[in-house]
Amino acid sequence: MNVKWLSFNITRISTTEIHNLFEVADVYMEDIVPVRSATLPDQIYEIILKEISEGIFPAGSLLPSEKELAERFNVSRPSVRVAIVRLVERGYLRRQKGIGTHVEELTSLVNPLYKNIDVQERILARGSKPGFTQLKTEVIQSNEGISSKLKVPEGSNLLYIEKVFTADTIPVILFVNFIPEWVYQKQFTQEQIMKPGFTEPFFEFYAEKCNHPAKYLTSIIRPDFIENSEFSDVLEVTNPKTPSLVIEDIGYDKDDIPLFYSIEHLVREASAFHVIRYVDNI
7 MNVKWLSFNI TRISTTEIHN LFEVADVYME DIVPVRSATL PDQIYEIILK
57 EISEGIFPAG SLLPSEKELA ERFNVSRPSV RVAIVRLVER GYLRRQKGIG
107 THVEELTSLV NPLYKNIDVQ ERILARGSKP GFTQLKTEVI QSNEGISSKL
157 KVPEGSNLLY IEKVFTADTI PVILFVNFIP EWVYQKQFTQ EQIMKPGFTE
207 PFFEFYAEKC NHPAKYLTSI IRPDFIENSE FSDVLEVTNP KTPSLVIEDI
257 GYDKDDIPLF YSIEHLVREA SAFHVIRYVD NI
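So for the sequence shown, the numbering used here puts the first residue at 7; every next one is plus one.
Set out below in structure tokens:
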């Protein structure tokens, strides 16, 4: 079956309010009240999201009011409101005027096409425990194809990373990242940048460690079979006809300068996307 004709391009907006959900692997947030290391709305967001994923607030249930949540967390109502708005925007909650805020039904790994959300958050939101392993990190020279994508001279140094994300220990997404050396060379030594997990969470790495946040991504999304991937063993898929989804991303800053080129291989439920399409002419 020839599936290449099904590929298409899409621009995905990167979230600018990247929050520190996880360090690198198998990390759950244990505290049930906010601490002061991250912003209060971020911490409230993380706590409520974790409780949704664990069924403390099951689908269809009514979330406590802003006043009740503010009292529980000992914070102001505006801090709670910011967290709730973000959860609504990402599809975890639904507001009904005069009734309250309900928890939405999640039918697959949350993976919206119209915006980019941290991988481990997507896994956690579905009720699975996220995990992360960095398989390979090395400095390579850019070839002609990658140089054209990243707008760097051929032969330029790139940081090459292979990493796999798991849901309840089962591999679901494999990433290959190509990062131009200029992005990080003024801030970090090669020894630092080569440490496993140093670039995670990925968008936080750009925004907070490199002071060069990603503004948007252009993506090519295409279906494929796992037999066409060199990573079938890592993803623990034995049937060569297992379908997969391949996403090629180029991330840009506010000045439209390419910051990275990435290839994602998604299998199992991670390959299902949630899409909202609006009808404007009725």
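Each residue gets a CB set at the ideal place from its N, CA and C atoms; glycine is no exception.
Cβ pair count under 8 angstroms reaching 3, the region 224-241 against the region 249-267: yes
Counting only the same chain and skipping the five closest in sequence on each side, list residues whose C-beta sits under 7 angstroms from that of I38. Confidence in I38 is poor, its pLDDT being 44 and thus under 50, which makes the residue's placement unreliable; the coordinate value appears in the next sentence. Here the set comprises I53.
In the DSSP assignment, the alpha helix (DSSP H) including E95 goes from what residue to what residue? R83 to E95
Inspect the CB distances between the region 79-93 and the region 133-141 and report whether three or more fall short of 8 angstroms. no
Compute every distance between the C-beta of E57 and the non-hydrogen atoms of the ligand NAD, then say whether any falls below 7 angstroms. Summarising the ligand content, the structure contains no ligands, and the ligand NAD is consequently not present.
I'd like to confirm the pairing. Which residues does DSSP put opposite D124 in its beta bridges? According to DSSP, D124 bridges with nothing at all.
So, are the CB atoms of F181 and S59 less than 8 angstroms apart? no
Taking Cβ to Cβ, would you say S153 is nearer than 8 angstroms to E160? yes
If you pair each beta-carbon of the region 162-175 with each one of the region 183-191, do three or more pairs fall below 8 angstroms? yes
Spatial neighbours of E72 in its chain, beta-carbon cut-off 8 angstroms, leaving aside the 5 residues before and after: R83, V86, R87 and I90
Need the endpoints of the beta strand (DSSP E) that D48 sits in, please. Careful: D48 lies outside any beta strand (DSSP E), inside the alpha helix (DSSP H) at L46 to S59.
What does the alpha-carbon distance come out to for the pair E242 and L272? 12 angstroms
Which class does I263 belong to by DSSP, given the choice of helix, strand or coil? coil
Within a Cβ cutoff of 8 angstroms, which residues of the same chain sit near H218, ignoring the five residues on either side of it in sequence? V189, Y212, D259 and L265
Quick one, are the C-beta atoms of E127 and A65 less than 8 angstroms apart? no
Tell me whether R132 sits in a helix, a strand or coil according to DSSP, three-state version. coil
Can you tell me the Cα-Cα spacing of I296 and L68, whole angstroms? This structure does not reach residue 296, given that the chain is present from 7 up to 288, and the question cannot be answered.
Sequence-distant residues of the same chain with beta carbon closer than 7 angstroms to E36, five excluded per side: Here E36 scores only 39 on pLDDT, less than 50, and its place in the model is too uncertain to base an answer on.
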